[in-house]
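Taking it in order: structure first as structure tokens, then the write-up.
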Amino acid sequence: MLCFYKKRIVTAPMRQIGGQSGKGNRITNTEACQPGKAPNFSMNRTLGDPGLEVINATTGKDDLGRPSANTLCSAAGCASTASCHPAFGSEQCGLAATRRRSAKQTLFRAFHTAGLGTWVKKPVETDQFALAD
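Take 1 as the starting number for the sequence shown in full-length UniProt numbering and just add one per residue.
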């Protein structure tokens, strides 16, 4: 059932972006934000989460060093895909993610069209992780 649900999320039509302000933009950070450089943290929240999950954007772990349990995390998404397709490893998950890449490109174009700027690419080492056995 989880695999079907994830497929519905990935293949769902993209809604128009813009005009709405999220709660995350009201959070202050003591670190200076440099134009063209991604922040060193990520705030995630999905349906059913008790609150915001603040994750180190480089390590993918919270402030206590625990890996992100959020389904938005690359490692969690890949682990979920691997549970649906046990023969897949992390490399195969990435190669098979054409719909995900297409959805990301649609999101990037929507940000640009809405005047929200461009997506800052993350360092390649962010997606280098091992799946738990």
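In this text, a Cβ means the ideal position worked out from N, Cα and C, and glycines have one as well.
With 16 other Cβ atoms within 10 Å as the buried cut-off, status of residue i
i, result
"Ser102", "exposed"
Beta-carbon separation (whole angstroms), residue i vs residue j, contact threshold 8 Å
i, j, result
"Asp62", "Ile55", "6 Å"
Rounded separation between residue i and residue j - CA only
i, j, result
"Phe108", "Leu64", "31 Å"
"Pro67", "Leu52", "15 Å"
"Arg45", "Thr58", "18 Å"
"Thr113", "Trp119", "12 Å"
"Asn40", "Lys121", "12 Å"
Cut-off 8 Å between Cβ atoms - residues of its own chain near residue i, not counting five sequence neighbours on either side
i, result
"Ile9", "Only weak support exists for where Ile9 lies, its pLDDT of 45 falling under 50; the value from the coordinates is given anyway. For Ile9, where only same-chain residues beyond five positions count, there are no Cβ hits under 8 Å."
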